[in-house]
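Asker: Counting with full-length UniProt numbering, you get residues 1 to 169 for the letters of the sequence shown. Please find one structure pasted underneath; my questions will follow.
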Amino acid sequence: MKLTGALEKAFNDQVTLELEASMVYRQLAIEMDVHDLPGIAGWFRAQSHEEVVHAEKFIAHMTDRDASPAIGDIKAPGVKTDTVLKAFEASLAHEVKVSEAIRSLYRLAQQEGDIDALPLLNWFVEEQLEEEATVGEIIGRVRLIGKDGNGLLRLDAELSARPGAGDAA
């Protein structure tokens, strides 16, 4: 089934949003590099890469359905943080934004009767639940750590174990 006009536009908007999320995470990685936290920076870089993979999933779905993927305008991320907590809070805020966009896509696919889009969107609904939960858990741990430098360094080391977190930018 060919992707409809309204859904094609919405999918293109989602591609752009996923790439914007990648840029937000890349900026957060830069911020954590500035604070000499290579493990947390690496975690954000890995997350940045994951957002590109998400955009690619939408692009592949669109091309499989004879649609024309197009990346819209992406603003430079205006993310500046002076603490790890603020970095992860910014991360969570962006994940919530992406989650709501996915839900809107799901509602539109249902409204359009586009059954073919639902498996992809179901995957993203589950993925976003996981993303928000993961970042929420990290925020909880950062709050527990407070101003304990040793705790922060331990979290930094732990987050560096994420696959892809040790990859150079």
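Beta carbons are placed, not taken as given, at the ideal position from N, Cα and C, and that holds for glycine.
#1: When DSSP labels each residue in this structure, what does Ile-30 get in the three-state scheme?
#2: Determine the DSSP secondary structure at Pro-119, reduced to helix, strand or coil.
#3: In three-state terms, what does DSSP make of Phe-58?
#4: Using C-beta distances below 8 Å, list every residue in its chain close to Leu-144, excluding the 5 sequence neighbours before and after it, in chain order.
#5: Mind checking which residues open and close the alpha helix (DSSP H) that includes Gly-151?
#6: Does DSSP put Arg-141 in a helix, in a strand, or in coil?
#7: Judging by CA-CA distance, which residue of Thr-134, Phe-88, Tyr-106 is the nearest neighbour of Tyr-25?
#8: Specify the secondary structure class of Leu-3 as computed by DSSP and reduced to three states.
Answerer: In short:
#1: helix
#2: helix
#3: helix
#4: Gly-151
#5: 149-159
#6: helix
#7: Phe-88
#8: coil
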